[in-house]
Amino acid sequence: MDGVHDLGGMQGFGPVEVELDEPTFHGEWEARTFAVAGGALGAGGFNTPMFRHAIERMDPGHYLTSSYFEHWLTAVATLLVEAGMISRDELDARAGTFALSRPPTVAADDVQLVSGRDAPSFAVGDAVRVRDAHFAGHTRCPRYVRGRQGVIVRVEPVVPIPELEAHRNEKVLDPTYGVRFDAAELWSDAAEANAPVHVDLYERYLEAV
(Lines of atoms letter the chains of each structure in order from A and count residues from 1; the text may use other names and numbers.)
(Lines give C-alpha, C1' and ligand atoms only; values in the text may rest on other atoms or scores of the structure.)
Protein backbone atom coordinates (compact mmCIF):
# COMPACT_ATOMS: atom_id res chain seq x y z
CA MET A 1 0.00 0.00 0.00
CA ASP A 2 1.07 3.60 -0.38
CA GLY A 3 1.87 4.73 3.14
CA VAL A 4 4.45 6.17 5.46
CA HIS A 5 6.03 2.73 5.91
CA ASP A 6 7.24 2.77 2.27
CA LEU A 7 10.34 4.87 2.98
CA GLY A 8 12.53 3.66 0.12
CA GLY A 9 13.92 6.62 -1.79
CA MET A 10 12.29 9.19 0.50
CA GLN A 11 14.34 12.13 1.76
CA GLY A 12 14.24 14.15 4.96
CA PHE A 13 14.43 11.28 7.45
CA GLY A 14 18.18 11.50 8.02
CA PRO A 15 20.79 8.78 7.52
CA VAL A 16 20.19 5.13 8.32
CA GLU A 17 21.54 4.48 11.81
CA VAL A 18 23.82 1.45 11.97
CA GLU A 19 24.37 -0.01 15.43
CA LEU A 20 27.71 -1.81 15.71
CA ASP A 21 27.48 -5.26 17.33
CA GLU A 22 23.71 -4.87 17.51
CA PRO A 23 22.15 -7.55 19.75
CA THR A 24 19.33 -9.75 18.50
CA PHE A 25 17.01 -8.20 21.10
CA HIS A 26 17.43 -4.95 23.01
CA GLY A 27 15.31 -6.13 25.91
CA GLU A 28 13.41 -9.12 27.23
CA TRP A 29 10.12 -7.69 25.99
CA GLU A 30 11.39 -7.81 22.41
CA ALA A 31 12.25 -11.49 22.72
CA ARG A 32 8.80 -12.16 24.22
CA THR A 33 7.13 -10.22 21.41
CA PHE A 34 9.03 -12.29 18.84
CA ALA A 35 7.88 -15.52 20.48
CA VAL A 36 4.29 -14.37 21.00
CA ALA A 37 4.03 -13.21 17.39
CA GLY A 38 5.00 -16.60 16.03
CA GLY A 39 2.52 -18.42 18.25
CA ALA A 40 -0.30 -15.94 17.70
CA LEU A 41 0.06 -15.85 13.92
CA GLY A 42 0.00 -19.64 13.80
CA ALA A 43 -2.97 -19.95 16.14
CA GLY A 44 -4.95 -17.35 14.23
CA GLY A 45 -4.16 -18.72 10.78
CA PHE A 46 -2.57 -15.43 9.74
CA ASN A 47 0.08 -15.37 7.01
CA THR A 48 3.08 -13.07 6.62
CA PRO A 49 1.40 -10.64 4.16
CA MET A 50 -1.52 -10.21 6.61
CA PHE A 51 1.01 -9.43 9.34
CA ARG A 52 2.88 -6.94 7.15
CA HIS A 53 -0.37 -5.26 6.14
CA ALA A 54 -1.35 -4.83 9.79
CA ILE A 55 1.93 -2.98 10.34
CA GLU A 56 1.33 -0.84 7.26
CA ARG A 57 -2.08 0.15 8.64
CA MET A 58 -0.57 1.75 11.75
CA ASP A 59 -1.27 5.44 12.26
CA PRO A 60 1.64 7.29 10.58
CA GLY A 61 2.60 9.14 13.75
CA HIS A 62 2.59 5.90 15.74
CA TYR A 63 4.60 4.08 13.07
CA LEU A 64 7.35 6.70 12.85
CA THR A 65 7.74 7.09 16.62
CA SER A 66 7.74 3.40 17.58
CA SER A 67 10.38 0.71 17.36
CA TYR A 68 10.62 -2.37 15.14
CA PHE A 69 9.16 -4.76 17.71
CA GLU A 70 6.49 -2.25 18.71
CA HIS A 71 5.34 -2.57 15.10
CA TRP A 72 5.21 -6.34 15.58
CA LEU A 73 3.24 -6.04 18.81
CA THR A 74 0.73 -3.62 17.31
CA ALA A 75 0.21 -5.81 14.25
CA VAL A 76 -0.32 -9.04 16.21
CA ALA A 77 -2.74 -7.38 18.62
CA THR A 78 -4.66 -5.82 15.70
CA LEU A 79 -5.05 -9.14 13.89
CA LEU A 80 -6.19 -10.94 17.04
CA VAL A 81 -8.79 -8.25 17.82
CA GLU A 82 -10.05 -8.23 14.23
CA ALA A 83 -10.39 -12.03 14.34
CA GLY A 84 -12.35 -11.86 17.63
CA MET A 85 -9.73 -13.91 19.48
CA ILE A 86 -9.17 -11.15 22.04
CA SER A 87 -11.02 -7.91 22.73
CA ARG A 88 -9.83 -4.35 22.86
CA ASP A 89 -11.21 -4.10 26.39
CA GLU A 90 -8.98 -7.00 27.44
CA LEU A 91 -5.94 -5.25 25.98
CA ASP A 92 -6.77 -1.94 27.63
CA ALA A 93 -7.36 -3.68 30.97
CA ARG A 94 -3.88 -5.21 30.90
CA ALA A 95 -1.86 -2.43 29.27
CA GLY A 96 -3.85 0.79 29.54
CA THR A 97 -4.94 2.40 26.29
CA PHE A 98 -3.51 0.09 23.60
CA ALA A 99 -3.07 1.60 20.13
CA LEU A 100 -4.19 -0.67 17.28
CA SER A 101 -3.76 -0.30 13.54
CA ARG A 102 -6.46 1.33 11.46
CA PRO A 103 -9.07 -0.83 9.67
CA PRO A 104 -8.17 -2.03 6.16
CA THR A 105 -9.42 0.08 3.27
CA VAL A 106 -9.48 -2.86 0.84
CA ALA A 107 -11.94 -5.74 1.23
CA ALA A 108 -11.31 -9.27 -0.01
CA ASP A 109 -13.85 -8.82 -2.82
CA ASP A 110 -11.95 -5.75 -4.01
CA VAL A 111 -8.93 -7.89 -4.91
CA GLN A 112 -9.37 -9.81 -8.15
CA LEU A 113 -8.43 -13.49 -8.02
CA VAL A 114 -5.98 -14.10 -10.87
CA SER A 115 -4.57 -17.22 -12.46
CA GLY A 116 -1.17 -18.39 -11.29
CA ARG A 117 1.92 -18.78 -13.45
CA ASP A 118 4.34 -21.65 -12.95
CA ALA A 119 6.97 -20.55 -15.47
CA PRO A 120 8.66 -17.13 -15.86
CA SER A 121 7.91 -14.99 -18.91
CA PHE A 122 11.18 -13.02 -18.68
CA ALA A 123 14.80 -14.10 -18.85
CA VAL A 124 18.09 -12.67 -17.64
CA GLY A 125 19.01 -9.66 -19.77
CA ASP A 126 15.41 -8.69 -20.62
CA ALA A 127 14.55 -5.00 -20.31
CA VAL A 128 11.41 -4.41 -18.23
CA ARG A 129 9.40 -1.53 -16.88
CA VAL A 130 7.61 -1.57 -13.54
CA ARG A 131 3.89 -0.97 -13.95
CA ASP A 132 2.84 2.38 -12.50
CA ALA A 133 -0.07 0.86 -10.59
CA HIS A 134 -1.24 2.11 -7.20
CA PHE A 135 -3.05 -0.10 -4.71
CA ALA A 136 -4.67 0.93 -1.44
CA GLY A 137 -3.93 -2.43 0.17
CA HIS A 138 -0.83 -4.55 0.72
CA THR A 139 1.72 -4.75 -2.08
CA ARG A 140 5.42 -5.56 -2.34
CA CYS A 141 6.08 -3.11 -5.16
CA PRO A 142 7.95 -0.04 -3.80
CA ARG A 143 6.78 3.36 -4.94
CA TYR A 144 10.21 4.54 -6.05
CA VAL A 145 10.51 1.93 -8.84
CA ARG A 146 7.03 2.29 -10.32
CA GLY A 147 7.16 3.47 -13.91
CA ARG A 148 10.93 2.94 -14.03
CA GLN A 149 12.91 0.78 -16.43
CA GLY A 150 15.39 -1.90 -15.40
CA VAL A 151 17.01 -5.16 -16.51
CA ILE A 152 16.37 -8.71 -15.28
CA VAL A 153 19.54 -10.02 -13.62
CA ARG A 154 18.14 -13.06 -11.80
CA VAL A 155 15.16 -15.35 -12.20
CA GLU A 156 13.93 -16.14 -8.70
CA PRO A 157 11.50 -18.79 -7.36
CA VAL A 158 7.78 -18.90 -8.06
CA VAL A 159 6.04 -17.74 -4.87
CA PRO A 160 2.53 -16.68 -3.71
CA ILE A 161 1.21 -13.26 -4.73
CA PRO A 162 1.23 -11.05 -1.60
CA GLU A 163 -1.89 -9.02 -2.48
CA LEU A 164 -3.98 -12.20 -2.61
CA GLU A 165 -2.44 -13.66 0.54
CA ALA A 166 -2.98 -10.46 2.52
CA HIS A 167 -6.58 -9.78 1.51
CA ARG A 168 -8.06 -13.13 0.46
CA ASN A 169 -5.77 -15.62 2.21
CA GLU A 170 -5.34 -17.28 -1.20
CA LYS A 171 -2.07 -18.79 -2.43
CA VAL A 172 -1.63 -18.10 -6.15
CA LEU A 173 1.89 -18.43 -7.55
CA ASP A 174 3.80 -15.84 -9.57
CA PRO A 175 7.42 -15.80 -10.84
CA THR A 176 9.79 -13.35 -9.21
CA TYR A 177 12.93 -11.63 -10.46
CA GLY A 178 15.95 -9.66 -9.39
CA VAL A 179 15.81 -6.40 -11.36
CA ARG A 180 18.74 -3.98 -11.67
CA PHE A 181 18.02 -0.26 -12.03
CA ASP A 182 20.50 2.52 -12.68
CA ALA A 183 20.29 4.91 -9.76
CA ALA A 184 19.91 7.79 -12.21
CA GLU A 185 16.79 6.10 -13.61
CA LEU A 186 15.26 6.27 -10.14
CA TRP A 187 16.50 9.63 -8.82
CA SER A 188 17.87 11.55 -11.84
CA ASP A 189 20.53 14.13 -10.92
CA ALA A 190 20.27 13.33 -7.20
CA ALA A 191 21.63 9.82 -7.80
CA GLU A 192 25.19 8.68 -7.24
CA ALA A 193 26.99 8.22 -10.55
CA ASN A 194 27.26 4.67 -11.95
CA ALA A 195 25.41 3.17 -8.99
CA PRO A 196 22.99 0.23 -9.55
CA VAL A 197 20.00 -0.58 -7.35
CA HIS A 198 18.70 -4.16 -7.18
CA VAL A 199 15.05 -4.84 -6.31
CA ASP A 200 13.21 -8.17 -6.13
CA LEU A 201 9.87 -7.92 -7.93
CA TYR A 202 6.95 -10.16 -8.88
CA GLU A 203 6.18 -10.74 -12.55
CA ARG A 204 2.76 -9.14 -12.16
CA TYR A 205 4.50 -5.82 -11.44
CA LEU A 206 6.49 -5.90 -14.68
CA GLU A 207 5.96 -5.34 -18.39
CA ALA A 208 8.30 -5.82 -21.33
CA VAL A 209 10.05 -2.79 -22.81
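In terms of the numbering used here, the sequence shown has 261 at position 145, counting the first letter as 1, and numbering is strictly consecutive. C-beta: ideal position from N, C-alpha, C; glycine also.
Given V152, which residues of its chain have a CB within under 7 Å of its CB, disregarding the five upstream and five downstream residues? Excluding positions up to five away in sequence, the list reads V192.
Starting from L136, trace the beta strand (DSSP E) both ways and give me its first and last residue. Unbroken run through L136: none, as it is neither H nor E.
Please determine, among Y321, L180 and R256, the residue with the shortest C-alpha to C-alpha distance to G128. L180
Could you give the first and the last residue of the continuous alpha helix (DSSP H) run that contains H178? For H178, the uninterrupted alpha helix (DSSP H) run begins and ends at P176 to L180, by DSSP.
Within 10 angstroms of its Cβ, does A306 collect 16 or more other Cβ (buried), or is it exposed? Exposed is the call here.
Quick one: residues in its chain with C-beta nearer than 6 Å to the C-beta of V120, no 5 flanking neighbours on either side, listed in chain order? P176 and Y179
Put I202 into one of helix, strand or coil per three-state DSSP. Correct three-state label for I202: coil.
Is the beta carbon of I268 sitting closer than 7 Å to the one on Y293? yes
Just the C-alpha distance for F162 and D248, rounded to the nearest angstrom, thanks. 29 Å
Drop a sphere of 10 angstroms on the beta-carbon of A170, count the other beta-carbons inside from all chains shown, and report buried for 16 or more, exposed for fewer. buried
The stretch 281-296 in contact with the stretch 310-318 per 3-pair CB rule at 8 Å: yes
Can you give me the Cβ contacts of R218 inside the same chain, cut-off strictly under 8 Å, excluding the 5 residues immediately before and after it? R173, M174 and D175
Pull up the CB-CB distance for L196 and G160, whole angstroms please, since I reckon it's below 8 Å. 6 Å
Contact defined as beta carbons within less than 8 Å: I believe G232 pairs with V288. What is the distance between those atoms, to the nearest angstrom? 4 Å
Give me, in chain order, the residues of the same chain whose beta-carbon lies closer than 7 Å to that of Y318; leave out the 5 immediate sequence neighbours on both sides. Once the five neighbours on either side are set aside, the close Cβ partners of Y318 are R256, I277, D290 and T292.
Roughly how many whole angstroms lie between the Cα atoms of D242 and V274? Roughly 18 Å between the two C-alpha positions.
P312 in three-state terms, based on DSSP: strand
Taking the alpha carbon of V227 as the reference point, which residue from N310, V271 and R284 has its own alpha carbon closest? R284
Measuring alpha carbon to alpha carbon, tell me which residue in A252, F141, A239 and V246 is nearest T221. A252
Residues in the same chain with beta-carbon distance under 8 Å from T190, minus the five sequence neighbours each way, listed in chain order, please. Once the five neighbours on either side are set aside, the close Cβ partners of T190 are A170, I171, M174, H178, S182, A215, L216 and S217.
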